[in-house]
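Okay, structure first, notes after.
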Amino acid sequence: MNAIPTMDLGEASPVDPDALLEALPGDDPAGVSLRYDPLYQAIRTAREEDDQTLPMGDWERPLVKADWKRVASLCSDALQHRSKDFQLAAWLCEAWTYLHGIDGFLAGTRLLTALAQRYWESAWPRIEDGDAEPRGAPFAWANEVYPHVLALHVPLLTIDANEPETISLDRWERSAIAPAPVEDDEDAAVLTRELIVNAAAQRPARAALVHMYRQLEDAGGQWAALVAQVDALLGDDAPSLARVSAVLDRLLRAVTVLLGPQGVQEPDDVSTLQLAGASAGAGAVVPLSATDVPVAVPRSPVASACTAAVAGTTIASRDHAYQMLATIADYLAQQEPHSPTPYLLRRAVVWGRMPLPELMREVAREEGGLGRYLSMLGLD
Numbered sequence: 023m024n025a026i027p028t029m030d031l032g033e034a035s036p037v038d039p040d041a042l043l044e045a046l047p048g049d050d051p052a053g054v055s056l057r058y059d060p061l062y063q064a065i066r067t068a069r070e071e072d073d074q075t076l077p078m079g080d081w082e083r084p085l086v087k088a089d090w091k092r093v094a095s096l097c098s099d100a101l102q103h104r105s106k107d108f109q110l111a112a113w114l115c116e117a118w119t120y121l122h123g124i125d126g127f128l129a130g131t132r133l134l135t136a137l138a139q140r141y142w143e144s145a146w147p148r149i150e151d152g153d154a155e156p157r158g159a160p161f162a163w164a165n166e167v168y169p170h171v172l173a174l175h176v177p178l179l180t181i182d183a184n185e186p187e188t189i190s191l192d193r194w195e196r197s198a199i200a201p202a203p204v205e206d207d208e209d210a211a212v213l214t215r216e217l218i219v220n221a222a223a224q225r226p227a228r229a230a231l232v233h234m235y236r237q238l239e240d241a242g243g244q245w246a247a248l249v250a251q252v253d254a255l256l257g258d259d260a261p262s263l264a265r266v267s268a269v270l271d272r273l274l275r276a277v278t279v280l281l282g283p284q285g286v287q288e289p290d291d292v293s294t295l296q297l298a299g300a301s302a303g304a305g306a307v308v309p310l311s312a313t314d315v316p317v318a319v320p321r322s323p324v325a326s327a328c329t330a331a332v333a334g335t336t337i338a339s340r341d342h343a344y345q346m347l348a349t350i351a352d353y354l355a356q357q358e359p360h361s362p363t364p365y366l367l368r369r370a371v372v373w374g375r376m377p378l379p380e381l382m383r384e385v386a387r388e389e390g391g392l393g394r395y396l397s398m399l400g401l402d
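Just so we're aligned, residue 23 is where the sequence shown starts under the working numbering, counting upward by one.
Shown next, in the form of structure tokens:
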């Protein structure tokens, strides 16, 4: 039997994740199907949430908010005591991600991987009469839902400006085309990319980003292991999980830029960090009055990171080459936000990291299929 990976959310999670994998008593260690049990509907109800960005018009009412603690509680209790179910595990991973950010996603991915290792033959929904679609459905669902959660609801850092604002991946990427703040407007709340980068250089934010970088590396590797496992077990019936992989790559690139040229090295004190930033050509942290909100300085940290990544550099490996492409894409996205080039480079990076079978499935699912793919490459 394969060893179950450690899944530790610390004090944030009252549940021992390993306990969720213990065999259930009775004739079937995977328990019973709960698909038509009231529990499923209770979880769906707890997940319901209004889109806060949509106008309410004449039908204004209190917004419905999802209860992610309840979702996590219902799913973990059912997995531990009633059923080894991939949809329950997928919902639990979603809830943990909302509650605990990338740490929760990593723990949830480990849970899904371990569940597949131990209970693939018996877990729910089962593969019956050769029909693998029900078994693949929770993974296909995850590939549709997790990118949204990771991009919009996992905090990169929080900036204490006029009002505390959490910076998500989506907010970070949109900051590349944010308008410049009006110099005479002290109440202007426009968060430019340089302002976010300088805020990230503050010691508490930087420490959190170093932790997130390491967790993202682990999460990317764990998700890749899950993809390989599902591909091996389901073969041609395996759904594509590439959208999640792509968002994890984008998160890692964002954190890399926010950490600046010094990377994950942790300086002894803030003054050392400021000196390192200045010597590297990036903007130093400059306090703005008593609120200590960092202000933008002319040198772009994205440009500095790009220069450091490619100037006088010998490509050391295939992974290094793709990392350089990703850095160049980030630079071009800032310099030419309306150009399609950075998006094509990012797609090339994602494709380059896919196994061939998964790439072919991804291409086949897109509108135009293989013909569009060959046309994009100039091979039609």
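C-beta: ideal position from N, C-alpha, C; glycine also.
Compare the beta carbon distance of R157 and P147 with 7 Å and say whether it is the shorter of the two.
Working through the sequence shown from its first residue, we reach residue 157 at position 135. Working through the sequence shown from its first residue, we reach residue 147 at position 125. Yes.
Name the DSSP beta bridge partners of E187, please?
The count along the sequence shown starts at 1 and reaches residue 187 at position 165. Per DSSP, I181.
With a Cβ-Cβ cutoff of 7 Å, do V176 and I124 count as a contact?
Along the sequence shown, one-based indexing puts residue 176 at 154. Along the sequence shown, one-based indexing puts residue 124 at 102. Cβ distance < 7 Å, so V176 and I124 count as in contact.
Burial state of E143, where buried means 16 or more other Cβ atoms lie within 10 Å
Along the sequence shown, read from residue 1 onward, the residue named residue 143 stands at position 121. By the 10 Å Cβ count, E143 comes out exposed.
Identify which residue in L110, V252, G282, E70 has its Cα closest to the Cα of V54.
Residue 54 sits at position 32 when you count from the first residue of the sequence shown. Of the listed residues, the one whose Cα sits closest to V54 is L110.
Taking the alpha carbon of H342 as the reference point, which residue from E150, V371, L366, S190 has its own alpha carbon closest?
Taking the sequence shown and counting its residues from 1, the one referred to as residue 342 is at position 320. Among E150, V371, L366, S190, the Cα nearest to that of H342 belongs to V371.
Whole-angstrom distance between V219 and F161, CA atom to CA atom
To locate residue 161, count along the sequence shown from 1; it is residue 139. To locate residue 219, count along the sequence shown from 1; it is residue 197. Those two C-alpha atoms are separated by around 35 Å.
Applying the criterion that 16 or more other CB atoms from any shown protein chain within 10 Å of the CB defines a buried residue, is Y58 buried or exposed?
Along the sequence shown, one-based indexing puts residue 58 at 36. It is exposed - the Cβ of Y58 has fewer than 16 other Cβ atoms within 10 Å.
With distances taken Cα to Cα, identify the nearest neighbour of D271 among L172, D40, Y120.
Numbered from its first residue, the sequence shown carries residue 271 at position 249. Ranking L172, D40, Y120 by Cα distance to D271 puts L172 first.
Note the first and the last residue of the continuous alpha helix (DSSP H) segment covering S98.
Residue mapping note: residue 98 aligns to position 76 of the sequence shown, counting from 1. Residues 90–103.
Specify the secondary structure class of W118 as computed by DSSP and reduced to three states.
On the sequence shown, residue 118 is found 96 positions in, with the first residue counted as 1. Reduced to three states, the DSSP call for W118 is helix.
For the alpha helix (DSSP H) holding D59, just list the boundary residues, first then last.
Mapped onto the sequence shown, residue 59 falls at position 37. That residue, D59, is in no alpha helix (DSSP H); it is neither H nor E in DSSP.
Less than 7 Å between the C-beta atoms of L381 and L367, yes or no?
The residue labelled residue 381 in the question sits at position 359 within the sequence shown. The residue labelled residue 367 in the question sits at position 345 within the sequence shown. No; because the gap between Cβ atoms is not below 7 Å, this pair is not in contact.
When you compare each of R196, A100, A159, A68 to L174 by their alpha carbons, which one comes out closest?
In the sequence shown, the residue the question calls residue 174 occupies position 152. Cα-wise, what sits closest to L174 is R196.
Residue range of the alpha helix (DSSP H) that includes T278:
Counting from 1 along the sequence shown, the entry for residue 278 is found at position 256. Element bounds for T278: 264–281.
From G257, H103, L128, pick the residue whose C-alpha is nearest to that of G242; which is it?
The count along the sequence shown starts at 1 and reaches residue 242 at position 220. For the residues G257, H103, L128, the minimum Cα distance to G242 belongs to L128.
So Y62 packs on W90, CB below 8 Å; how close in whole Å?
As a working note, residue 62 is residue 40 in the sequence shown. As a working note, residue 90 is residue 68 in the sequence shown. The C-beta separation of Y62 from W90 comes to about 17 Å, leaving the pair out of contact by the 8 Å criterion.
For L134, which of D40, L217, D192, D49 has the nearest alpha-carbon?
Position 112 of the sequence shown, counted from the start, is the residue given in the question as residue 134. Selected option, being the one with the closest Cα: D40.
Which of helix, strand or coil does DSSP assign to W245?
Working through the sequence shown from its first residue, we reach residue 245 at position 223. Helix at W245.
Provide the residue span of the alpha helix (DSSP H) that contains I218, from first to last.
Taking the sequence shown and counting its residues from 1, one reaches residue 218 at position 196. First-last of the alpha helix (DSSP H) with I218: 215–222.
Integer Cβ distance of L42 from Q139, believed to fall under 8 Å:
If you number the sequence shown from 1, residue 42 lands on position 20. If you number the sequence shown from 1, residue 139 lands on position 117. Not confirmed; about 13 Å, so no contact.
Using the three-state DSSP reduction, which class does E155 fall into: helix, strand or coil?
Residue 155 sits at position 133 when you count from the first residue of the sequence shown. Three-state DSSP puts E155 in a helix.
Work out the CA separation of I65 and N97 for me, nearest whole Å.
One-based indexing of the sequence shown puts residue 97 at position 75. One-based indexing of the sequence shown puts residue 65 at position 43. The question names Asn, but residue 97 is Cys in the sequence shown. Whole-angstrom Cα-Cα distance: 8 Å.
Rounded distance between the beta-carbons of S267 and V279, thought under 8 Å:
On the sequence shown, position 257 is the one that residue 279 refers to. On the sequence shown, position 245 is the one that residue 267 refers to. That pair is no contact at about 19 Å.
When A52, M376, R225 are compared against W245, the one with the closest alpha-carbon:
Here residue 245 corresponds to residue number 223 of the sequence shown, with the count starting at 1. W245 has its Cα closest to that of M376, out of A52, M376, R225.
In angstroms, rounded to a whole number, what distance separates the CA positions of A45 and R225?
Position 23 of the sequence shown, counted from the start, is the residue given in the question as residue 45. Position 203 of the sequence shown, counted from the start, is the residue given in the question as residue 225. For A45 and R225, the distance between alpha carbons rounds to 45 Å.
Drop a sphere of 10 angstroms on the beta-carbon of E116, count the other beta-carbons inside from all chains shown, and report buried for 16 or more, exposed for fewer.
Taking the first residue of the sequence shown as 1, we reach residue 116 at position 94. By the neighbour-count rule (16 or more Cβ atoms within 10 Å), E116 is buried.
Pick from R69, W163, F108, Y235: whose alpha carbon is nearest that of G285?
In the sequence shown, counting from the first residue as 1, residue 285 sits at position 263. Taking G285 as reference, the option from R69, W163, F108, Y235 with the minimal CA-CA separation is Y235.
For I337, count the other beta carbons within 10 Å of its own beta carbon; 16 or more makes it buried, fewer makes it exposed. Which is it?
Position 315 of the sequence shown, counted from the start, is the residue given in the question as residue 337. Its Cβ having fewer than 16 others within 10 Å, I337 is exposed.
With distance defined between alpha-carbon atoms, name the residue in A227, A222, G152, H233 nearest to L255.
For the purposes of this step, residue 255 is taken as residue 233 along the sequence shown, with counting starting at 1. The alpha carbon of L255 has as its nearest neighbour, out of A227, A222, G152, H233, the alpha carbon of G152.
Around the C-beta of P47, are 16 or more other C-beta atoms found within 10 angstroms, so that it is buried, or is it exposed?
Stepping through the sequence shown from its first residue, residue 47 is reached at position 25. With fewer than 16 other CB atoms across the displayed protein chains lying within 10 angstroms of its CB, P47 is exposed.
Could you have a look at W146 and say whether DSSP puts it in helix, strand or coil?
Locating residue 146 in the sequence shown gives position 124, where the first residue counts as 1. In this structure, W146 counts as strand in the three-state DSSP scheme.
Compute the distance between the beta-carbons of L238 and N165, then report whether it is under 7 Å.
As a position in the sequence shown, residue 238 is number 216, starting the count at 1. As a position in the sequence shown, residue 165 is number 143, starting the count at 1. Not closer than 7 Å, so no.
Taking only the alpha-carbon atoms, compute the straight-line gap between D38 and G374 and give it to the nearest angstrom.
Along the sequence shown, one-based indexing puts residue 38 at 16. Along the sequence shown, one-based indexing puts residue 374 at 352. Each residue's Cα considered, the two are about 37 Å apart.
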